[in-house]
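The listed protein sequences derive, respectively, from chains D and Z.
Our numbering puts the first residue of the first sequence at -2, with every later residue one more than the last.
Our numbering puts the first residue of the second sequence at 88, with every later residue one more than the last.
Note that CB positions come from ideal geometry on N, CA and C, so glycine has one too.
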Amino acid sequence: MSEPAVEVKNLTKVFTLGLKKEYVVAIDNLSFEVKAGEVYGLIGPNGSGKSTTMKVVLGLMAPSKGEAKVFGLDSGDIRARNEIGFLPENPYFYKHLSGAETLRFYGKLCGMRGRELENRVTELLKLVDLEGAANRRLGGYSKGMLQRIGLAQSLVQNPRLVILDEPTAGVDPIGSRHIRDLIMRLRDEGYTVFLCSHLLEQVQEVCDRVGILFQGRMRKEGRLEELIAIEDQTTLTLEGASPELLARLHQLVASEPDARIVAEGHPRTSLEHLFIQIAERSREASK
Amino acid sequence: MNADSTAPNPPLRGAARPVPLFSPGRVATIASGTVTQLVRMKTFYFLLAFALVVVAVGNFNLPATPAKELSMIKKVSFGTMDLFAWLFAIVATALLIPRDQEDRTLYTILSKPVRRIEYLLGKLCGVLVVVGVSLVLMYGICATMIGARESLFVSAEIEAMTANGGYSQEEIDEQVGLIRQQGLRPELGLAVLASFLKAAVVAAVTIFLSTFASSSLFTIIVSILIFLIGHAHTMASSFWLHSSDNSLFVQMLVKVVKILIPDFQLYSFSEGIIQGEVVAYALVGQMGLVTAGYLAVFLLLSLLVFVDKEF
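This is the structure we're talking about:
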């Protein structure tokens, strides 16, 4: 079995507020794994601990308890950063730099130089469809363009793991679609993507697995299709079924005392519905 | 930009790149980014204002001897240069790191394989490059003006003394020597160096403060206070130690202040240079060593705070 891209074990993060020694538990004994090559979505309401989890994985914060590993390396180990590309929420890169200069800047920070760097810059500008704006300063970029150049900078050193915090926040539907397509392309090219988002439909569209975080705890985690399936219902997809066969099926179901046909088709809930349900349950449980 | 038509080879995976303990390349990248940022913030526009000040002072006909007039041009010009250097070092350093944090640019930088000391050093070096280049440019403007005025005063003095006829060659040479002493001399470069080193120390102090301060305004105000106290170092310690209240507490307080606050009076020998005095090069070397010591101490303190800082 291949090494997980991200391995979070019993992670707890406690913040101390001011000098009053008040404590806030941002993450509470959190454990999950992001497998290499998958798109993993971490969803949760504001203040649920998503960004804190990401920051611990990025080494920007130290865990109070537990550990976070990136491809087997402790997240605090600087070598782990070679494996990670990160796009923060609403990134504000240096506005005085152009798109190409921004990519060069981040490439150089990763030790890239000369032709290798220039080729990578050209390739990434093409990938995010910003070749025409390569020499324009970021101060003149739209939000969607900033997100795309942000995504490009996250990929500059060709990391194995890309961490995206709200990658489509504030972006119009077309820009949002573009970013979604890029994420799917990254998955196809073998990158591991770990993202946080509030836009649940988009998470549903791109993620292989999701984790639902609420008040710093993982409330539900698993493959998306399993999570959004209604557990006590079964979908039977038939091909070429005649009306007679369907009639017989109806009769058969009717003969069973506990069974009934709810609907014919694909009974599904949406991820959004599931998320709200879990959030409400968690809120009630915590009262 | 390279527009090679052939498909580029896929770059190495990030993991294949070594991460050295310390990378001067990364420091240089952050420093050059900082220089670009400051230059594109139109920092160098102040040079125009400086040139105007120097030209105005140079052309202001004072009822004084040529030597005094040259001395005044130097005092105003070097005073402005010094003021720019330390004030710019404080303000630029105090603004850059909190701004990176506020804009989340710091997240993307530190999420790359960049050590925190490399980031701090890069920022400091970037500010110092801009201060250094500005000082050199200002010195160029100032030297041009002083040189031009000096030549003018010397020719006028020789012409006047010769026309008068009552002066011997020795007397003329002596008078010209007095003017030249206040004119453009190579030692003036040392005064520029003193301003630069002073700015470097105050920038290191500011970087230390900005690693834990909650606002840029606080950092700027405290840095200026430290800078001012640092100028009264010797005076303050001699006052406290020789006053009637030389209790243990006062002595400890003086020692603590002496340790925590750099002695900016060390750099005041530049005033002597500007006034045409001769300065021992050993003193300049000593000043360089003390500056290196201050930079090392404040960078180390900054790192101690910054290395565990959470964003």
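Taking the C-beta atoms as reference points, residue 56 of chain D is found nearer than 8 Å to residue 78 of chain D. One thing to note: residue 275 of chain Z has its Cβ within 8 Å of the Cβ of residue 360 of chain Z. Residue-level contact check: residue 197 of chain Z touches chain D, since one or more beta carbons of chain D fall below 8 Å from its beta carbon. Identification of chain D residues near residue 106 of chain Z by a Cβ-Cβ cut-off of 7 Å yields 75, 76 and 79, ordered along the chain. Judged by their CB atoms, residue 189 of chain D and residue 34 of chain D are nearer to each other than the 8 Å cut-off.
Leaving aside the five residues that flank residue 121 of chain D on each side, the residues in its chain whose CB is nearer than 7 Å to its CB run, in chain order, 100, 149, 152 and 153. Each residue's CA atom was taken as its position, placing residue 112 of chain Z and residue 113 of chain D some 16 Å apart. Beta-carbon to beta-carbon, residue 153 of chain Z and residue 266 of chain Z are separated by about 5 Å, close enough to satisfy the 8 Å threshold. In this structure, DSSP gives residue 204 of chain D a state outside helix and strand, which the three-state scheme calls coil. For the pair residue 2 of chain D and residue 157 of chain D, the CB atoms are nearer than the 8 Å cut-off. Within the region 169 to 195 of chain Z, 190, 191, 192, 194 and 195 place their CB atoms closer than 8 Å to a CB of chain D, listed in sequence order.
In its chain, beyond the 5 residues on either side, 6, 7, 8 and 9 have a beta carbon closer than 6 Å to the beta carbon of residue 63 of chain D. The C-beta of residue 108 of chain D comes closer than 8 Å to at least one C-beta of chain Z. In the same chain as residue 81 of chain D, and ignoring 5 residues on each side of it, the C-beta atoms closer than 7 Å to its own belong to 55, 67, 156, 158 and 160, in chain order.
Residue 274 of chain D counts as exposed, since fewer than 16 other C-beta atoms from the protein chains shown sit within 10 angstroms of its C-beta.
Excluding the 5 residues flanking it on each side, residue 268 of chain Z has same chain C-beta neighbours closer than 8 Å at 154 and 363, in chain order.
For residue 150 of chain D, the neighbours in chain Z by C-beta distance under 8 Å run, in chain order, 195. Residue 397 of chain Z reaches chain D at 52, 57, 58 and 59, counting residues in chain order whose Cβ is nearer than 8 Å. For residue -1 of chain D, there is no enclosing alpha helix (DSSP H), since its DSSP letter is neither H nor E. The residues 166 and 167, in chain order, have a CB closer than 7 Å to that of residue 87 of chain D in the same chain once the five nearest residues on each side in sequence are set aside.
Residue state for residue 206 of chain Z is assigned as helix, using DSSP reduced to three classes. For residue 116 of chain Z against residue 102 of chain D, the beta-carbon gap comes to about 7 Å, under 8 Å, which counts as contact. For residue 105 of chain D, the nearest CB of chain Z lies under 8 Å from its own CB, placing it at the interface with that chain. A residue is called buried once 16 or more other Cβ atoms fall within 10 Å of its Cβ, and residue 258 of chain D, having fewer, is exposed. In this structure, residue 174 of chain Z lies away from residue 210 of chain Z, with their beta-carbon atoms at least 8 Å apart. For residue 189 of chain D, the enclosing beta strand (DSSP E) covers residues 189 to 193. Between residue 144 of chain D and chain Z, the shortest Cβ-Cβ separation is not below 8 Å.
In this structure, the alpha-carbon of residue 146 of chain Z lies about 18 Å from that of residue 166 of chain Z. For residue 137 of chain Z and residue 214 of chain Z, the gap between their C-alpha atoms comes out near 19 Å. Annotated as distal: residue 27 of chain D and residue 13 of chain D, with beta-carbon spacing of 8 Å or more.
Judged by DSSP secondary structure, residue 161 of chain Z falls within the alpha helix (DSSP H) whose first and last residues are 153 to 189.
For residue 93 of chain D, at least one C-beta of chain Z is nearer than 8 Å to its own C-beta. Contact between residue 191 of chain D and residue 135 of chain D is absent: CB atoms are separated by about 25 Å, not below the 8 Å threshold.
For residue 201 of chain Z, the chain D residues whose Cβ falls inside 7 Å of its Cβ are 106, in order along the chain. With its beta carbon at least 8 Å from every one in chain D, residue 272 of chain Z lies outside the interface. In the same chain as residue 110 of chain Z, and ignoring 5 residues on each side of it, the C-beta atoms closer than 7 Å to its own belong to 205, in chain order.
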